[in-house]
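To start, the structure under review is shown below, and the notes come after it.
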Amino acid sequence: MVDTRPFLPVSSSDGSNPSEPLANRCKTMKVLLSIFFGLLVVGLFAALLASNVTENGHGSLASSTTAKPEPLRRVSRGPAAGVSEKSNWLFGKDDENGVAFPWNNSMLSWQRTAFHFQPERNWMNDPNGPLFYKGWYHFFYQYNPHAPVWGDIVWGHAVSKDLIHWLHLPLAMVADKTYDKSGVWTGSATFLPDGKIVMLYTGSDAEAVQVQNLAYPADHSDPLLINWVKFTGNPVLVPPPGILSKDFRDPTTAWLTSEGKWRFAIGSKINKTGIALVYDTKDFITYEKLDGLLRAVDGTGMWECVDFFPVSKTEENGLDTSVNGPDVKHVMKVSLDDDKNDYYAIGTYHEKNATFIPDDPTIDVGIGLRYDYGVYYAAKTFYDQNKNRRVLWGWIKESDSEAADVKKGWASVQSIPRTILLDQKTGTHLLQWPVEEIDSLRLNSYEFNQVKVQAGSVVPLEVGPATQLDILAEFEIDKEALEKATGSNVTFSCSSSGGTVERGALGPFGLLVLADDSLSEQTPVYFYIAKGSDGNLKTFFCNDQSRSSEASDVNKQIYGSMVPVLEGENLSLRVLVDHSIIESFAQGGRTVITSRAYPTKAIYGAAKLFLFNNATEAGVSASLRIWQMNSAFIRPFPNLDNKSQ
Ligand code: DQQ
Numbered sequence: 001m002v003d004t005r006p007f008l009p010v011s012s013s014d015g016s017n018p019s020e021p022l023a024n025r026c027k028t029m030k031v032l033l034s035i036f037f038g039l040l041v042v043g044l045f046a047a048l049l050a051s052n053v054t055e056n057g058h059g060s061l062a063s064s065t066t067a068k069p070e071p072l073r074r075v076s077r078g079p080a081a082g083v084s085e086k087s088n089w090l091f092g093k094d095d096e097n098g099v100a101f102p103w104n105n106s107m108l109s110w111q112r113t114a115f116h117f118q119p120e121r122n123w124m125n126d127p128n129g130p131l132f133y134k135g136w137y138h139f140f141y142q143y144n145p146h147a148p149v150w151g152d153i154v155w156g157h158a159v160s161k162d163l164i165h166w167l168h169l170p171l172a173m174v175a176d177k178t179y180d181k182s183g184v185w186t187g188s189a190t191f192l193p194d195g196k197i198v199m200l201y202t203g204s205d206a207e208a209v210q211v212q213n214l215a216y217p218a219d220h221s222d223p224l225l226i227n228w229v230k231f232t233g234n235p236v237l238v239p240p241p242g243i244l245s246k247d248f249r250d251p252t253t254a255w256l257t258s259e260g261k262w263r264f265a266i267g268s269k270i271n272k273t274g275i276a277l278v279y280d281t282k283d284f285i286t287y288e289k290l291d292g293l294l295r296a297v298d299g300t301g302m303w304e305c306v307d308f309f310p311v312s313k314t315e316e317n318g319l320d321t322s323v324n325g326p327d328v329k330h331v332m333k334v335s336l337d338d339d340k341n342d343y344y345a346i347g348t349y350h351e352k353n354a355t356f357i358p359d360d361p362t363i364d365v366g367i368g369l370r371y372d373y374g375v376y377y378a379a380k381t382f383y384d385q386n387k388n389r390r391v392l393w394g395w396i397k398e399s400d401s402e403a404a405d406v407k408k409g410w411a412s413v414q415s416i417p418r419t420i421l422l423d424q425k426t427g428t429h430l431l432q433w434p435v436e437e438i439d440s441l442r443l444n445s446y447e448f449n450q451v452k453v454q455a456g457s458v459v460p461l462e463v464g465p466a467t468q469l470d471i472l473a474e475f476e477i478d479k480e481a482l483e484k485a486t487g488s489n490v491t492f493s494c495s496s497s498g499g500t501v502e503r504g505a506l507g508p509f510g511l512l513v514l515a516d517d518s519l520s521e522q523t524p525v526y527f528y529i530a531k532g533s534d535g536n537l538k539t540f541f542c543n544d545q546s547r548s549s550e551a552s553d554v555n556k557q558i559y560g561s562m563v564p565v566l567e568g569e570n571l572s573l574r575v576l577v578d579h580s581i582i583e584s585f586a587q588g589g590r591t592v593i594t595s596r597a598y599p600t601k602a603i604y605g606a607a608k609l610f611l612f613n614n615a616t617e618a619g620v621s622a623s624l625r626i627w628q629m630n631s632a633f634i635r636p637f638p639n640l641d642n643k644s645q
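Take 1 as the starting number for the sequence shown in UniProt numbering and just add one per residue.
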């Protein structure tokens with residue numbers, strides 16, 4: 001079941017004949033290899049001649065390839081297989097026959113991240129079954145070993161001692177059984193009281209019916225958990241009556257009931273209502289479907305990757321998934337297949353009837369708050385018993401074209417793992433923050449104190465190349481201007497209020513990241529304060545991608561939402577810039593936005609950082625600490641053959 005050669009080239013299914021004698025196949029292979037390498041050398045030489053890409057002293061592109069624009073071709077296979085579109089295809093209404101920007105190798109290689117988790121090549125999507133075991137953090141993920149587009153999904157696997165420096169391991173599970181022949185899809189891990197692990201995952205079976213399967217480590221004494229066994233009684237669950245065969249997926253981590261049974265949820269829908277089905281089991285072999293639903297919300301469509309966990313009302317640490325009681329709130333998260341965003345609600349779990357009731361039904365799960373207002377999907381948490389915290393992983397997909405992904409040879413990254421806590425000050429929001437281990441990548445730092453940024457100005461921040469940064473910033477806004485500004489009842493929203501070019505009395509102001517000297521490319525990460533006609537202030541946190549790239553075939557949405565700012569708090573920001581990813585956290589992580597930016601000029605040494613203030617009235621003063629960030633050198637696990645197996 002386990003493929004120990006995940007990163008070797010894989011031949012297509014029609015390319016080999018299993019009945020051919022081995023010696024013949026070896027001979028054919030040698031001939032093919034000689035032809036292949038011959039062609040490769042000629043090809044590389046031709047590519048070198050054609051590319052002619054150099055960098056000048058400042059690292060900016062001196063010249064570039066001018067490959068002819070190509071029509072974009074759609075290859076995604078998600079919808080036919082029973083999940084919706086997985087790649088980014090549409091950028092505008094008429095892009096069905098759109099034309100690709102002539103990306104050159106230099107631009108494309110710059111996009112690869114340095115300290116975010118990515119496989120060496122090909123496609124990745126959802127995080128699966130994260131856990132800590134015998135000194136290692138384990139990360140499994142949806143992976144296509146054959147191409148940089150979604151399809152042929154199996155489980156990739158990597159380990160790390162610190163959630164940052166990852167080492168790739170062989171694939172954990174491949175699609176080798178009837179019950180997962182069309183794909184080994186998303187699943188979650190549960191620790192049993194004796195320390196053993198069970199993994200429940202969705203298989204898309206030979207007929208593309210979604211079923212639930214059980215797997216477990218072949219050898220619990222192996223800290224690397226390299227080999228996995230699929231239970232002989234699989235599938236353990238099939239779609240129940242009333243649920244369509246392609247609407248039954250992504251089991252959660254199980255939690256214990258007070259009767260000692262395990263309980264978990266599975267996402268589904270009935271017509272347009274998103275629902276979470278609930279099952280109890282004593283042994284993960286036989287299961288009882290409960291009559292009620294954990295939650296159902298009209299109009300939200302299919303719920304993917306449901307997550308359900310407790311957060312403490314009183315302490316700053318994470319809680320094991322089975323914890324409940326008066327000092328605990330519960331968080332329910334659903335990934336909405338219809339709009340590809342992760343929504344959460346905070347509320348109460350009622351064990352007796354297995355339901356979740358949100359504190360505020362107007363911001364119920366799927367219609368209220370989001371983990372992240374940018375590119376972030378299919379997130380999953382786990383309780384890290386090593387550091388007594390709950391850690392959140394999320395899939396950050398590409399927002400360029402599939403055609404560009406095929407050229408790059410890879411698609412998608414994972415967010416920096418984030419600790420996740422209840423914000424005890426507001427009680428209404430969660431706080432997400434990059435795990436503390438990321439600080440180990442900090443190199444030289446730059447400090448700027450009380451930098452005055454007048455209304456309508458831009459201030460450069462000299463920090464060297466600005467493609468791998470950790471930025472902490474605080475802004476103070478001119479108090480007099482705050483008081484003087486006239487209120488209005490015009491409603492502001494990041495996505496529809498024109499981005500940073502729309503000026504208000506009290507904003508926008510913040511940072512321009514991945515900007516070139518002339519600011520022809522820039523991605524503003526900013527605050528906007530709106531004063532209502534009642535005199536009340538509302539703060540918004542936004543990310544404007546509209547000028548992030550001169551390329552036409554990338555998504556240029558403006559993202560963001562409201563962020564609560566409490567009495568006495570300064571406006572604060574943390575931004576992680578890692579090549580084509582910008583993860584930004586406002587007010588300690590109450591509102592978070594992840595953007596993908598694909599600049600064509602603001603890359604390598606030409607990527608710069610600026611402060612800006614485009615308000616018409618208020619000046620701001622900014623204090624910052626900025627670190628250059630090291631690479632995490634994510635690579636294959638060394639000398640694996642000598643390790644456990
Ligand atoms: N990805 C998996 C499904 C899940 C979806 C397939 C969410 O299990 O519903 O790759 O991105």
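Each residue gets a CB set at the ideal place from its N, CA and C atoms; glycine is no exception.
Proximity of residue i and residue j at Cβ, strictly below 9 Å
{"i": "P251", "j": "S188", "result": "yes"}
{"i": "S87", "j": "W155", "result": "no"}
{"i": "P127", "j": "W393", "result": "yes"}
{"i": "L576", "j": "E474", "result": "no"}
{"i": "residue 695", "j": "V435", "result": "Because the chain is modelled from 1 through 645, residue 695 falls outside the range shown and cannot be assessed."}
{"i": "L611", "j": "L461", "result": "yes"}
{"i": "F492", "j": "Y446", "result": "no"}
{"i": "R121", "j": "W395", "result": "no"}
{"i": "D219", "j": "K181", "result": "no"}
{"i": "F509", "j": "N613", "result": "yes"}
{"i": "E521", "j": "R547", "result": "yes"}
{"i": "D338", "j": "S84", "result": "yes"}
Cα-Cα separation, residue i to residue j
{"i": "P599", "j": "D544", "result": "13 Å"}
{"i": "E402", "j": "K246", "result": "25 Å"}
{"i": "D320", "j": "T190", "result": "11 Å"}
{"i": "R590", "j": "T419", "result": "12 Å"}
{"i": "L441", "j": "Y287", "result": "45 Å"}
{"i": "G487", "j": "R370", "result": "28 Å"}
{"i": "C305", "j": "T616", "result": "44 Å"}
{"i": "L511", "j": "K608", "result": "11 Å"}
{"i": "Q142", "j": "L131", "result": "16 Å"}
{"i": "residue 688", "j": "G368", "result": "Beyond the ends of the chain as shown, which are 1 and 645, falls residue 688; an answer cannot be given."}
{"i": "H116", "j": "G588", "result": "20 Å"}
{"i": "Y349", "j": "D152", "result": "37 Å"}
{"i": "W433", "j": "K333", "result": "17 Å"}
Burial state of residue i, where buried means 16 or more other Cβ atoms lie within 10 Å
{"i": "K282", "result": "exposed"}
{"i": "T195", "result": "Contrary to the premise, residue 195 reads as Gly rather than Thr in this sequence. That one is exposed."}
{"i": "I285", "result": "exposed"}
{"i": "G274", "result": "buried"}
{"i": "G242", "result": "exposed"}
{"i": "A80", "result": "exposed"}
{"i": "D641", "result": "exposed"}
{"i": "K484", "result": "exposed"}
{"i": "D405", "result": "buried"}
{"i": "F382", "result": "buried"}
{"i": "L633", "result": "What sits at residue 633 in the sequence shown is Phe, not Leu. Label assigned to F633: exposed."}
{"i": "N125", "result": "buried"}
{"i": "P638", "result": "exposed"}
{"i": "V490", "result": "exposed"}
{"i": "Q424", "result": "exposed"}
{"i": "K601", "result": "buried"}
Coarse secondary structure for residue i, derived from DSSP in three states
{"i": "M107", "result": "helix"}
{"i": "I581", "result": "strand"}
{"i": "R635", "result": "strand"}
{"i": "Q557", "result": "coil"}
{"i": "V288", "result": "The amino acid at residue 288 is misidentified as Val; the sequence shows Glu. It is a strand residue."}
{"i": "K479", "result": "helix"}
{"i": "V501", "result": "helix"}
{"i": "T591", "result": "strand"}
{"i": "L163", "result": "coil"}
{"i": "K531", "result": "strand"}
Which ranges does the alpha helix (DSSP H) cover as unbroken runs of at least 4 residues, wholly within the region 368 to 453, from first to last along the chain? Runs of the alpha helix (DSSP H) inside the region 368 to 453: 402 to 408.
Taking only runs that begin and end inside the region 213 to 258, name each unbroken alpha helix (DSSP H) of 4 or more residues, in chain order. Taken in chain order, the whole alpha helix (DSSP H) runs of length 4 or more contained in the region 213 to 258 number zero.
Can you give, in chain order, each stretch of the beta strand (DSSP E) that sits fully within the region 304 to 368 and has at least 3 residues? As summarised for the region 304 to 368, the continuous beta strand (DSSP E) elements at least 3 residues long and confined to that stretch are 328 to 336, 341 to 350, 355 to 358, given in chain order.
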